[in-house]
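All residue numbers for the sequence shown refer to the numbering used here, where the first residue is 102 and numbers rise by one.
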Amino acid sequence: MISGARGPIQALFDLSDDYIDSISYHDFYYLADTAVALDFEGYPEHKIYFSDDQWELVHEFQKVFLSYRETINTVSLEMSRLLRKPILEMRQKVATLLKGGKAGGLKFMIYSAHDDQVVNMLNFLAADFFWVPYSSTVTFELKYSVSCLESDAKSEDCFGVSVRFNGTPLLFDGCSGDKFVLEGCSFPEFEALMQSKWYEGPGTPNLDAACFETPVPPPSGH
């Protein structure tokens, strides 16, 4: 139990002293998540039970709990499997446009997820964040310069990828901008970024088969 949030959680859920004294971090997370969900749905749990500092603590525990139950391999495998199709679509669009073809009709790929997956995605990207609010989004947007594609110097550098968390652009080491703004990556930079983070554990390169491999303990300190 996190001592700073003990009182509000106990009062909100009418828990006995014995129960609150023995509660596990796992159970605390689900109680805290329920409190946040109720508040999001219009029940004023924050106003009634929590100070602002206690409410922030409850939110930050989400990131801690969901992050530290994972390993580097489980996060990279999950996110590599999730991103493989969108990245393949990007590569195909880049190749088609460089050959003078049309990009095709596909404009969006939408994945519905829980905070587990959003936390894992942000950790996979090594993004700096405090917690994942309800209705959060992580977006990857492929962009290209028409004038660049019409020039004699057209190449993959005519393309860029912007990555945003709840509308805020994410910054990455080794990226110089998405061709339109300073945030994001050129397409070659984005490919290099993904390669540096892609799953390389047991079962690779077959990401589906890798799900059935014996888990490997994380390196010391992770």
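From the three backbone atoms N, C-alpha and C, an ideal C-beta is built for every residue, glycine too.
Straight-line gap, residue i to residue j (C-alpha atoms, nearest Å)
{"i": "D274", "j": "F225", "result": "14 Å"}
{"i": "C312", "j": "D253", "result": "45 Å"}
{"i": "R265", "j": "K298", "result": "17 Å"}
{"i": "Y131", "j": "A138", "result": "10 Å"}
{"i": "K148", "j": "A136", "result": "11 Å"}
{"i": "W156", "j": "L113", "result": "13 Å"}
{"i": "K203", "j": "R182", "result": "27 Å"}
{"i": "A196", "j": "Y235", "result": "37 Å"}
{"i": "F230", "j": "A214", "result": "18 Å"}
Beta bridge counterpart(s) of residue i as assigned by DSSP
{"i": "F151", "result": "Its beta-bridge partners do not exist; DSSP assigns none."}
{"i": "E242", "result": "S263"}
{"i": "P270", "result": "R265"}
{"i": "C312", "result": "Answer by DSSP bridge pairing: none, since C312 is not bridged."}
{"i": "C286", "result": "V262"}
Closest residue to residue i among the options (Cα-Cα distance)
{"i": "F151", "options": "G108, D119, S287", "result": "G108"}
{"i": "E292", "options": "L308, G261, P303, F266", "result": "G261"}
{"i": "G268", "options": "C286, T238, F166", "result": "T238"}
{"i": "E242", "options": "E171, I188, R170, Q111", "result": "I188"}
{"i": "S168", "options": "D122, V220, V159", "result": "V220"}
{"i": "Y300", "options": "C276, Q111, L178, D119", "result": "L178"}
Nearest-angstrom Cβ-Cβ length linking residue i and residue j, presumed shorter than 8 Å
{"i": "L272", "j": "E284", "result": "6 Å"}
{"i": "H244", "j": "D279", "result": "Position check: residue 244 holds Lys in this sequence, whereas His was assumed. Confirmed, about 5 Å."}
{"i": "R185", "j": "L308", "result": "7 Å"}
{"i": "S232", "j": "Q163", "result": "Reading the sequence as shown, one finds Trp at residue 232 and not Ser. Right, their Cβ atoms sit about 5 Å apart."}
Residue ranges of each beta strand (DSSP E) within the region 191 to 253, 3 or longer
239 to 245
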